[in-house]
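**Q** Per this note's numbering, the sequence shown starts with residue 292, numbered consecutively.
The structure's right below; bear with me while I get my questions together.
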Amino acid sequence: MGKPVFIVLLGPPGAGKGTQAQMLSQRLGLAHISTGDLFRKHLREQTKLGRLAQEYMNKGELVPDSVTIAMVQERLQEPDTAHGAIFDGFPRTVAQAEALDDLLRQLGAQVDVAILVDVPEAVLVERLSGRRTCRAHGHIFHVKYNPPKTPGVCDYDGSELYQREDDRPETVKRRIQVYWEQTGPVVEYYREKGLLVKVDGNRPMEEVTRALLQVIPPVGNGAIEEA
Ligand code: AP5
Numbered sequence: 292m293g294k295p296v297f298i299v300l301l302g303p304p305g306a307g308k309g310t311q312a313q314m315l316s317q318r319l320g321l322a323h324i325s326t327g328d329l330f331r332k333h334l335r336e337q338t339k340l341g342r343l344a345q346e347y348m349n350k351g352e353l354v355p356d357s358v359t360i361a362m363v364q365e366r367l368q369e370p371d372t373a374h375g376a377i378f379d380g381f382p383r384t385v386a387q388a389e390a391l392d393d394l395l396r397q398l399g400a401q402v403d404v405a406i407l408v409d410v411p412e413a414v415l416v417e418r419l420s421g422r423r424t425c426r427a428h429g430h431i432f433h434v435k436y437n438p439p440k441t442p443g444v445c446d447y448d449g450s451e452l453y454q455r456e457d458d459r460p461e462t463v464k465r466r467i468q469v470y471w472e473q474t475g476p477v478v479e480y481y482r483e484k485g486l487l488v489k490v491d492g493n494r495p496m497e498e499v500t501r502a503l504l505q506v507i508p509p510v511g512n513g514a515i516e517e518a
């Protein structure tokens, strides 16, 4: 088995990280680790962690680092991470980026590339207001740019599509502000390490996927890569 590959997807809310991570993880056979999805799963299951996270998410604020890092540490123990993973929405603070380096070091691995999906702010708001998310597994749609075959129903598992609570305009504004304040320095963190690559995310989804595949190092698990 080849060395595992760990990819960080960075970008503001609505940049398309989740959409791209879902496609890439399927194509490359890598685990998809979305801290937002993990918090929403806890919330559905009404765990203590889910209720705590909700307080922050509904305000557009970040969930505390200690809680988020512990959750990722646990997720990294799962067998589907053997060939590596795509991190979506993590790390979001420099403390999280440092913790991720430590966690991967313990596994004999490291972040191989950090990709900034770059999208202008005006586009983000339109994307988020039209987003619809699948209740069961978090599949992502858009009423205009990626509509489901049947309105309100997930193409993949038939579950209900809903509008995320934190996609309300006031919360979106705060999330974008928090991104610049707290995640902006993470972009610099990876730039200084020579790991940052910027990809234009303001074009059709398939084009973005092709551009991402070109900057991802070869994955040694036998999965077929098609650019
Ligand atoms: P999270 O769930 O991670 O949300 P986010 O980072 O704000 O990102 P989004 O999911 O909103 O956007 P995305 O970039 O994934 O875009 P998507 O692919 O859906 O986090 C939510 C909250 O959880 C945070 O605010 C925080 O409270 C908490 N949290 C999570 N991680 C945390 C952490 N590490 N630390 C602390 N707190 C944390 O696309 C958006 C829409 O655009 C979709 O409708 C899609 O169909 C459409 N679209 C995508 N690509 C294109 C394209 N190329 N053209 C046209 N439309 C497109």
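Just so it is clear, CB atoms sit at the ideal spot from N, CA and C, and this is done for glycine as well.
Note that the structure is a prediction, hence the values are computed from the model and not measured.
1. Indicate the three-state DSSP secondary structure (helix, strand or coil) for alanine 518 in the structure shown.
2. From what residue to what residue does the alpha helix (DSSP H) around arginine 465 run?
3. Would you check if the segment 435-451 and the segment 322-338 touch, i.e. whether three or more CB-CB distances between them fall below 8 Å?
4. For threonine 474 and leucine 407, I'd like the C-alpha separation in whole angstroms.
5. At a cut-off of 6 Å, is histidine 433 close to the ligand AP5 when judged by its beta-carbon and the heavy atoms of the ligand?
6. Within this structure, are the beta carbons of valine 490 and proline 382 separated by less than 7 Å?
7. Provide the residue(s) that pair with aspartate 491 in DSSP beta bridges, ordered along the chain.
8. Can you determine whether any heavy atom of the ligand AP5 sits closer than 6 Å to the C-beta of leucine 353, and answer yes or no?
9. Can you tell which of Arg501, Tyr480, Gly492, Leu504 has the C-alpha that lies nearest to the C-alpha of leucine 391?
10. Report buried or exposed for histidine 430, applying the criterion of at least 16 other Cβ atoms within 10 angstroms of its Cβ.
11. Alpha carbon to alpha carbon, how far is alanine 344 from glutamine 397?
12. Could you give the residue range of the alpha helix (DSSP H) that holds alanine 502?
13. With a CB to CB cut of under 6 Å and the five nearest residues on each side skipped, what residues in its chain are close to methionine 348?
14. Taking 6 Å as the cut-off, is the beta-carbon of tyrosine 436 closer than that to any non-hydrogen atom of the ligand AP5?
**A** Looking at the atomic coordinates:
1. Caution applies to alanine 518, whose pLDDT of 37 falls short of 50 and renders its modelled position unreliable; the model cannot decide the point.
2. 460-469
3. no
4. 11 Å
5. yes
6. no
7. Bridge partners of aspartate 491: Asp409.
8. yes
9. Tyr480
10. Classification of histidine 430: buried, given that the 10 Å Cβ count is 16 or more.
11. Using only the alpha carbons, I get a separation of about 27 Å.
12. 496-506
13. Around methionine 348, the same chain offers Asp457 as residues with beta carbons nearer than 6 Å, after the five sequence neighbours per side are excluded.
14. yes
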